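Peer 1: Protein chains in written order, with the numbering used here: chain A, 1 to 352; chain B, 1 to 352. Glycine included, each C-beta is placed from N, C-alpha and C at the ideal position. Keep in mind the model is a prediction, meaning the values are calculated, not measured. Below you'll find the structure I mean.
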DNA sequence: CTGTTAGCGCTTTCAG
DNA sequence: CTGAAAGCGCTAACAG
């Protein structure tokens, strides 16, 4: 096999304990000894074996990210932010994709029983309390993004406010019959039973009420997940009504874009016939000239990863809850004016 | 600590070797003994410790994916395909993002010295021979996607043909001054020194030649990487010429979309003033109504992962090289006709 | 078929 | 400060 700590010890004429101390450069070792050991390491080309290390330490120096990977560009953007920070901090990034809420517990279970990760980032949901307890027992910090969980380090936006912003925008445009396309999950994403889409709906309702517009329950359509197909289906449902809405707020850009397709397919135009507002500001949104509420997605990921890295370094966090700002991005739809709009910068541009 | 193999052995009244055999259910153990052990396992809630296992086996039951993650939707799509298969096969998915070719060797180095992965998938490049040798020595299979490497399991498309398809399409439309926007890397992605973008250029040149059109070297513009900004810059360069091209073939959709933005920004239209063809057929392409050459991205990932899983199961591969088909997807640009086009189905739709 | 015995390579007490 | 020794929990020979 490869060169081990024993070889180094022998070569340096010290005990393996000393070598261990040197490579973990924490403990006190006399400068001379250290130098000798370092020389031996250098000369032998010694590399500590991570697996042995893991077994001893009961940790693997890698962090897990839980997300419904295949579903949403939003989550991919968050992941990108996470990756930036994590890899720089020298951790491995293990990605767990969860297709359905049902699979979530299974994945969490495996994750707890499996290789012990150093930390976990949950995207768009918070693990249930009994899982959190176990993570705590194993001393595995958990950070949550896109979801505000009391008592847990969370990076999030004010989705209620976001829902208000979107709806207010439509109200200001003069719309009164405003529909909401919500992402619907079978069960809540966290103990509180609320999730971003639900908070956005709350904001939507608040805005309507503030404007003195009575909310019509049938104008709230639920679609399973954030795909274009779902958005299109929801929109179709709305357009087939005898009294279709004049404006639609969708819980995500993907849903909104699906809705937009549907609108165009019926020969209608955005915003001429139906006004549309999305949520997230994914890259696609700029291309489709979709008006939307922008979340700082990559930043969310970066901050979450930074918080985790800090936690792992035993540094205390200044704040458990970090709220990030939302921005309403108003664009003119492609349907309204020929040509691709590029008046508004695409979300966070890729930095070189 | 948790319950170990010793506890199980004691409870079942057998030796740890037997327990080990049972949990690795490979060897011959008498049915009764097995039943007793299984009962003890069940009763004690025993879970094998992956880290101890790793150390013993010198393997970690996880596969690494190397890609330039932040850069391209194409690679994310491939990753999605990989994830589907890998997680189902019970492996962990470790993502390594490589921002620049220079970092590549560093990552490979760490990967070889670090936790031993069971297998590796390289997206859009092939590790150099000396790395491959080391992987071979460690018995870590390597599969390559989006790149054809002799002697290595590769999933790929015929990029030369793709380049030809795109260019022929433009030629058939009557264009003669056709530019090519290439992704340029500082150095080749593999021993052969060719990479998808270069092969596409080759196809471009072949098509021109076959049509009796003399290629003009200055119409080939190189841009670093696959971002919209790069595409826009390249397009700007082309449009500022006294004799701009009437058509442009870009090495990727991202580059093409950047080009499209630039074209629109100058008040020109696609394809009216400048015809445009991209490559990949990422989801954005459908929205921008971009004509493009479609690659089966997710399938690429799935096949690569399947090949790797097979290799890890010591099953021989039927074929080392798997070529996947390309499709020319013709769309009308948003600039040509108002309204979002949805005549052509978006690439692979997300399955429920 | 099955128990025993060595490791795997490192971390971490625990005495010096 | 440093060496020796005891694991970490499991796999894999090796004798029965």
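Quick one: Cα of residue 250/A to Cα of residue 288/A, how far?
Peer 2: Walking along the first chain from the start, residue 250/A turns up at place 250. Walking along the first chain from the start, residue 288/A turns up at place 288. Distance between the alpha carbons of residue 250/A and residue 288/A is about 15 Å.
Peer 1: From the DSSP output, in three-state form, read off residue 60/B for me.
Peer 2: For this step, residue 60/B is matched to residue 60 along the second chain. In the structure shown, residue 60/B sits in coil (DSSP, three-state: anything other than H, G, I, E or B).
Peer 1: Looking only at C-alpha atoms, which of 180/B, 150/B, 174/B sits nearest to residue 162/B?
Peer 2: Locating residue 162/B in the second chain gives position 162, counting from the first residue. Of 180/B, 150/B, 174/B, the residue nearest in Cα terms is 180/B.
Peer 1: Nearest chain B C-beta to residue 125/A closer than 8 Å, yes or no?
Peer 2: Taking the first residue of the first chain as position 1, residue 125/A is located at position 125. Cβ-Cβ to chain B under 8 Å: no for residue 125/A.
Peer 1: How do the segment 68 to 77 of chain A and the segment 218 to 226 of chain A stand: do at least 3 beta-carbon pairs fall below 8 Å, yes or no?
Peer 2: Yes, they touch.
Peer 1: Terminal residues of the continuous alpha helix (DSSP H) containing residue 239/A?
Peer 2: Position 239 of the first chain holds residue 239/A. That run of the alpha helix (DSSP H) goes 228 to 239.
Peer 1: What are the start and end residues of the beta strand (DSSP E) that includes residue 74/B?
Peer 2: Here the question's residue 74/B lines up with position 74 in the second chain. Taken as a continuous stretch (DSSP letters only), residue 74/B belongs to no beta strand (DSSP E), being part of the alpha helix (DSSP H) at 73 to 88.
Peer 1: When you compare the CB positions of residue 119/A and residue 238/A, do they come within less than 8 Å of one another, or not?
Peer 2: Here residue 119/A corresponds to residue number 119 of the first chain, with the count starting at 1. Here residue 238/A corresponds to residue number 238 of the first chain, with the count starting at 1. In this structure, residue 238/A does not lie closer than 8 Å to residue 119/A by Cβ.
Peer 1: Is DSSP giving residue 139/A helix, strand or coil here?
Peer 2: On the first chain, position 139 is the one that residue 139/A refers to. If DSSP states are grouped into helix, strand and coil, residue 139/A belongs with coil.
Peer 1: May I have the straight-line CA-CA distance separating residue 236/B from residue 150/A, to the nearest angstrom?
Peer 2: Along the second chain, one-based indexing puts residue 236/B at 236. Along the first chain, one-based indexing puts residue 150/A at 150. Residue 236/B and residue 150/A: Cα-Cα distance of roughly 50 Å.
Peer 1: Does the distance from the C-beta atom of residue 82/A to that of residue 117/A stay below 8 Å?
Peer 2: Locating residue 82/A in the first chain gives position 82, where the first residue counts as 1. Locating residue 117/A in the first chain gives position 117, where the first residue counts as 1. Their beta carbons are not under 8 Å apart, which means residue 82/A does not touch residue 117/A by this criterion.
Peer 1: Using the beta-carbon count (16 or more within 10 Å), is residue 347/A buried or exposed?
Peer 2: By 1-based counting over the first chain, the position of residue 347/A is 347. Only weak support is given to the placement of residue 347/A: the predicted model assigns it a pLDDT of 43, under 50, and the question is left unresolved by the model.
Peer 1: Listed in chain order, which residues of the segment 153 to 177 of chain A have Cβ atoms closer than 7 Å to some Cβ of chain B?
Peer 2: Residues passing the 7 Å Cβ filter: none.
Peer 1: Can you list, in chain order, the stretches of the alpha helix (DSSP H) that have 4 or more residues and sit fully within the segment 167 to 213 of chain A?
Peer 2: Listed in chain order, they are 196 to 210.
Peer 1: Check whether the segment 48 to 67 of chain B touches the segment 37 to 52 of chain A, taking contact to mean three or more Cβ pairs, one atom from each stretch, closer than 8 Å.
Peer 2: Contact between the segment 48 to 67 of chain B and the segment 37 to 52 of chain A is present, because at least three Cβ pairs lie under 8 Å.
Peer 1: On the three-state DSSP scale, how would you describe residue 279/B?
Peer 2: In the second chain, counting from the first residue as 1, residue 279/B sits at position 279. Correct three-state label for residue 279/B: strand.
Peer 1: Please go through the same chain and pick out, in chain order, the residues whose beta-carbon is closer than 7 Å to the beta-carbon of residue 339/B, but skip the five residues on each side of it.
Peer 2: For the purposes of this step, residue 339/B is identified with residue 339 of the second chain, where counting begins at 1. Model confidence at residue 339/B stands at a pLDDT of 34, short of 50, so the residue's coordinates are unreliable; what they give is reported in the following sentence. No residues qualify anywhere along the chain.
Peer 1: Are the C-beta atoms of residue 50/B and some chain A residue less than 8 Å apart?
Peer 2: Taking the second chain and counting its residues from 1, one reaches residue 50/B at position 50. Yes - at least one Cβ of chain A is within 8 Å of the one on residue 50/B.
Peer 1: Here's a check: name, in chain order, each residue in its chain whose Cβ is nearer than 6 Å to the Cβ of residue 41/A, leaving out the five neighbours to either side.
Peer 2: In the first chain, residue 41/A corresponds to position 41, counting from 1. These residues qualify, in order along the chain: 8.
Peer 1: Kindly indicate which three-state DSSP category residue 375/A falls into: helix, strand or coil?
Peer 2: A query on residue 375/A cannot be resolved here, the shown segment of chain A reaching from 1 to 352 and no further.
Peer 1: Would you please state the rounded distance, in angstroms, between the beta carbons of residue 222/A and residue 47/B? I believe it to be under 8 Å.
Peer 2: As a first step, residue 222/A is located in the first chain; it is residue number 222 there, counting from the start. As a first step, residue 47/B is located in the second chain; it is residue number 47 there, counting from the start. The pair is not a contact, with the Cβ atoms about 38 Å apart (cut-off 8 Å).
Peer 1: Does any residue of chain A bring its CB to less than 8 Å from the CB of residue 283/B?
Peer 2: Residue 283/B sits at position 283 when you count from the first residue of the second chain. So yes, residue 283/B belongs to the interface.
Peer 1: Check the Cβ of residue 80/A against every Cβ in chain B and list those closer than 7 Å, keeping chain order.
Peer 2: As a first step, residue 80/A is located in the first chain; it is residue number 80 there, counting from the start. Correct list: 69, 70.
Peer 1: Take residue 92/B and list the residues in its own chain whose beta-carbon comes closer than 7 Å to its own, dropping the five residues that flank it on each side.
Peer 2: As a position in the second chain, residue 92/B is number 92, starting the count at 1. Result list for residue 92/B: 61, 62, in chain order.
Peer 1: Can a CB atom of chain A be found closer than 8 Å to the CB of residue 55/B?
Peer 2: On the second chain, residue 55/B is found 55 positions in, with the first residue counted as 1. Judged by the 8 Å Cβ criterion, residue 55/B is in contact with chain A.
Peer 1: Where DSSP assigns a beta bridge to residue 323/B, which residues make up the other side?
Peer 2: Locating residue 323/B in the second chain gives position 323, where the first residue counts as 1. In the DSSP output, where bridge partners are listed per residue, residue 323/B has 156/B.
Peer 1: By Cβ distance, which residues of its chain are closer than 8 Å to residue 10/B, with the 5 residues on each side in sequence left out?
Peer 2: Position 10 of the second chain, counted from the first residue, corresponds to residue 10/B. Around residue 10/B: no qualifying Cβ.
Peer 1: When DSSP builds the beta bridges, which residues end up paired with residue 315/A?
Peer 2: Position 315 of the first chain holds residue 315/A. For residue 315/A, which the question treats as bridged, DSSP gives no partner whatsoever.
Peer 1: Measure from the C-beta of residue 276/B to each C-beta in chain A and report whether the shortest distance is under 8 Å.
Peer 2: By 1-based counting over the second chain, the position of residue 276/B is 276. Taking Cβ atoms only, chain A never reaches closer than 8 Å to residue 276/B, which makes this a no.
Peer 1: Leaving out five residues on either side along the sequence, give the residues of the same chain with a beta carbon under 8 Å from the beta carbon of residue 76/B.
Peer 2: As a working mapping, residue 76/B is identified with position 76 in the second chain. Contacts found: 69.
Peer 1: How is residue 304/A classed by DSSP in three states: helix, strand or coil?
Peer 2: On the first chain, residue 304/A is found 304 positions in, with the first residue counted as 1. DSSP places residue 304/A in helix when its eight states are reduced to three.
Peer 1: Roughly how many angstroms lie between the CA atoms of residue 331/A and residue 133/B, to the nearest whole one?
Peer 2: Residue 331/A sits at position 331 when you count from the first residue of the first chain. Residue 133/B sits at position 133 when you count from the first residue of the second chain. The alpha-carbon atoms of residue 331/A and residue 133/B are separated by roughly 53 Å.
Peer 1: Look at the alpha carbon of residue 29/A and the alpha carbon of residue 37/A, and state the distance between them as a whole number of angstroms.
Peer 2: Residue 29/A sits at position 29 when you count from the first residue of the first chain. Residue 37/A sits at position 37 when you count from the first residue of the first chain. The alpha-carbon atoms of residue 29/A and residue 37/A are separated by roughly 10 Å.
Peer 1: Name the residue from 206/A, 325/A, 144/A whose alpha carbon lies nearest to the alpha carbon of residue 195/A.
Peer 2: The count along the first chain starts at 1 and reaches residue 195/A at position 195. Cα-wise, what sits closest to residue 195/A is 144/A.
Peer 1: In its own chain, which residues sit with a C-beta less than 7 Å from the C-beta of residue 198/B, not counting the 5 before and 5 after it?
Peer 2: Indexing the second chain from 1 puts residue 198/B at position 198. Hits under 7 Å: none found.
Peer 1: Taking Cβ-Cβ distances shorter than 8 Å, what residues in chain A pair up with residue 58/B?
Peer 2: Numbered from 1 along the second chain, position 58 holds the residue referred to as residue 58/B. Neighbours of residue 58/B on chain A, chain order: 51.
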